[in-house]
Amino acid sequence: MGTAAITANALAEKLKKERRAALVCHIRPDGDTLCSAAALCAALKKIGVQAEVYCSDKVPEKFFFLPALKDVKDKLSGEYSALIAMDCAEMTRLGGFGSAFSAHKNTYSIDHHISNTRFAKVNFVRDCAANCENALEVILSLGITPDAEIAALLLTGIVTDTGSFRHKNVTPATMRTAAYLMERGADLNLITYNAFTAQSKERAELFGRVIRGIRFFAGGKIALLSVLKEDFIKTGAGQDETEGFTDFAMSIRGVDVGVCIMETGGKFKVSFRSRKTDVNAVAGVFGGGGHTLASGCQISGEYEEAVDRIVCAVKRFLEE
1095 MGTAAITANA LAEKLKKERR AALVCHIRPD GDTLCSAAAL CAALKKIGVQ
1145 AEVYCSDKVP EKFFFLPALK DVKDKLSGEY SALIAMDCAE MTRLGGFGSA
1195 FSAHKNTYSI DHHISNTRFA KVNFVRDCAA NCENALEVIL SLGITPDAEI
1245 AALLLTGIVT DTGSFRHKNV TPATMRTAAY LMERGADLNL ITYNAFTAQS
1295 KERAELFGRV IRGIRFFAGG KIALLSVLKE DFIKTGAGQD ETEGFTDFAM
1345 SIRGVDVGVC IMETGGKFKV SFRSRKTDVN AVAGVFGGGG HTLASGCQIS
1395 GEYEEAVDRI VCAVKRFLEE
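FYI, in our numbering the residues of the sequence shown are 1095 to 1414.
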């Protein structure tokens, strides 16, 4: 367990002294973890630090419009003076890199989750809409002004983690950051098209199946979507093509908590979104966490049993 909190400026001074750094994304990577890692990686290279980005799971193809995300690796190669966890609230989220991270003497965590366990030796954890906001602060502290490539990466992370600026986590600072990145060359139209509009035929078919099976609880205050193994088999869609499903549940009038339960590897991955209920506390019941209005966890058991446990937990925290 880490002991040191740090400012962006102090963190930058430490990073300047590193020889070679591995930036590690969380499992089932989203735009924020990938882009905050790739942006900081590019900035470190500009100051002479060797750096690579790693992730246990494959990068969703929809992010390949960003060339840097085609270079993400899945196996560490050689020795690193530092390992940096990006957008990870706890070490288990590092997947196959967790053991290497735990054993390394020089580890950093750059994150924005309120549930962060401070598992690194040095932790820069600041609650904000997207970890890319934190990455930008560190990059600027390194003395690097983002070029168009870094700006595009950072804006993609912000756009995806805020649901294209629709989520309640968006602040005036988030919007100012987005404007700054656009001024530095990031193409918002291109980013939103690739992140939210463009989709495969398989993903469209999967979405149709899932929406037809939507379930409501607590008088319509809870909307639950289920993505089961059979749905992936029937449509040919991948598990990385479910992003945004929970947002659909939140678009329904009267819904306070949207839940998406996805069958994966003998367990269920559960994503929560809410307008006012503390779903970080709900996820915490099952050992998960995240943000107050957007969190996740994993749960084992039979499907209907899992649904009952999830709904029961949500009802405990549901605000009137």
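Every residue, glycine too, gets a C-beta built ideally from N, C-alpha and C. A quick note: this is a predicted structure, and the numbers were derived from the prediction, not measured.
Taking the C-beta atoms as reference points, ASN1288 is found nearer than 7 Å to PHE1159.
Short of 6 Å from the beta carbon of ALA1145, and not among the five residues preceding or following it, lie these beta carbons of its own chain, in chain order: ALA1115, CYS1135, LEU1138 and LYS1139.
The bridge partners DSSP lists for ASP1205 are VAL1219.
PHE1342 carries a helical assignment under DSSP once its states are collapsed to helix, strand and coil. Taking VAL1351 as reference, the option from TYR1274, LYS1370 and PRO1266 with the minimal CA-CA separation is LYS1370. SER1235 is classed as buried because its beta carbon has at least 16 other beta carbons within 10 Å across all chains shown. Cα atoms of ASP1255 and THR1291: separation of roughly 15 Å, rounded to the nearest angstrom. Rounded to the nearest whole angstrom, the C-alpha separation of ILE1404 and GLY1125 is 26 Å. In the displayed model, THR1239 falls within coil according to three-state DSSP, outside both helix and strand.
Taking all protein chains shown into account, LYS1328 has fewer than 16 neighbouring C-beta atoms within 10 Å of its C-beta and is therefore exposed. Taking the Cβ atoms as the reference, ILE1204 lies roughly 18 Å from SER1150, outside the contact range of under 8 Å. Remark: C-beta atoms of VAL1376 and PHE1366 approach each other more closely than 7 Å. In this structure, the alpha-carbon of TYR1148 lies about 15 Å from that of THR1186. Ranking LEU1188, LEU1117 and VAL1349 by CA distance to the CA of ALA1176 puts LEU1117 first.
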